[in-house]
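For the sequence shown, position 25 matches number 25 in full-length UniProt numbering, and the numbering has no gaps at all. Even glycine gets a Cβ: it sits at the ideal position worked out from N, Cα and C. Remember, it's a predicted structure, so these values are computed and weren't measured experimentally. Here the structure is laid out as structure tokens; the discussion comes afterwards.
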Amino acid sequence: MSRHSQAPMPASLRHFMRAGQHPARAFPCPHCGAHAHQPCALRTTGKQLPQPHPQRMATWAQTTACCTTCQVTPTVPCHHDGRALPGGTVHAERYTEAERTAA
Numbered sequence: 001m002s003r004h005s006q007a008p009m010p011a012s013l014r015h016f017m018r019a020g021q022h023p024a025r026a027f028p029c030p031h032c033g034a035h036a037h038q039p040c041a042l043r044t045t046g047k048q049l050p051q052p053h054p055q056r057m058a059t060w061a062q063t064t065a066c067c068t069t070c071q072v073t074p075t076v077p078c079h080h081d082g083r084a085l086p087g088g089t090v091h092a093e094r095y096t097e098a099e100r101t102a103a
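Written out as structure tokens, the structure is:
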């Protein structure tokens with residue numbers, strides 16, 4: 001074993017050490033099909049985007065945070081009067097809670 005060899009970094013630490021990347025990139029994008037930790041891309045041209053698609057951000061928020069508006073736990077879709085929000089969207093407060101959780 002050489003003196004420069006390093007132990008592999010655990011995935012849980014690697015995720016938090018990715019500087020400059022939105023935490024939503026830890027999840028696959030349901031819109032463009034980008035794999036976890038890969039940037040979103042335009043479906044027509046393949047051009048990589050600097051920020052994740054809104055659908056990917058909603059998936060991240062729904063998976064990681066509770067919603068203070070509709071009082072649901074992580075992984076449960078947001079709802080209004082018992083009906084799920086259209087298109088898998090989430091309440092704005094859930095994004096705030098997810099960002100607070102990621103920090």
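Please state the DSSP three-state secondary structure of residue i.
i   : result
A98 : helix
Q71 : coil
R43 : coil
Q38 : coil
A58 : helix
A26 : helix
A92 : helix
Is residue j closer than 8 angstroms to residue i when the C-beta atoms are compared?
i   : j   : result
A58 : G88 : yes
P30 : Q55 : yes
R94 : C78 : yes
C67 : H35 : no
T64 : A98 : yes
Going by alpha carbons, who is nearest to residue i out of the options?
i   : options            : result
H53 : D81, L85, P23      : P23
Q21 : G46, H37, T75      : H37
F27 : T75, R83, L85, E97 : T75
Pull up the DSSP beta-bridge partners for residue i, would you.
i   : result
Q48 : A41
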